[in-house]
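Trainee: Each residue of the sequence shown is one higher than the one before, counting from 1 in full-length UniProt numbering.
All C-beta atoms, glycine included, are put in the ideal place defined by N, C-alpha and C.
If you scroll down you'll find the structure; I have some questions about it.
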Amino acid sequence: MKRLRIEVKLKEGHFDPEGDVTAKSLRDLGFKVGSVRVSKTYTLELDCRNNEDARSIGMEMCRKLLANPTKDSFEVEVLEEGTGRGGKAPEKNGQ
């Protein structure tokens with residue numbers, strides 16, 4: 001089993017309404033924040049042979065479902081077993 005962490009976020013220049021609402025709410029609560037950008041993180045377990053296969057499958061998942069190539073960028077990272085930390089640098093797309 002291989003574990004993946006996939007982060008999907010809006011590309012620079014795209015309006016982030018959820019981030020704007022979050023920033024306003026934090027300011028209303030008294031926090032001194034500037035802008036807020038929201039992203040989604042997926043943690044998956046895959047039945048595959050090696051890290052390269054896991055990364056390739058994660059990239060395919062993003063292209064087919066998890067990310068909208070028009071507005072989203074994504075990173076796919078294979079996590080080290082037992083640590084929850086990444087091994088190699090994450091592979092990025094769309095930035």
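Cα-Cα, which of 64, 50, 67 and 68 is closest to residue 3?
Mentor: 50
Trainee: Measuring straight from C-alpha to C-alpha, what distance separates residue 38 and residue 53?
Mentor: 28 angstroms
Trainee: On a Cα-Cα basis, can you pick out the residue from 43, 16 and 71 that is closest to residue 58?
Mentor: Residue 43 is the option with its Cα nearest to residue 58.
Trainee: With 16 other CB atoms within 10 Å as the buried threshold, where does residue 15 fall?
Mentor: exposed
Trainee: Can you check which of these residues, 46, 30, 11 and 21, is closest to residue 70 by C-alpha distance?
Mentor: 11
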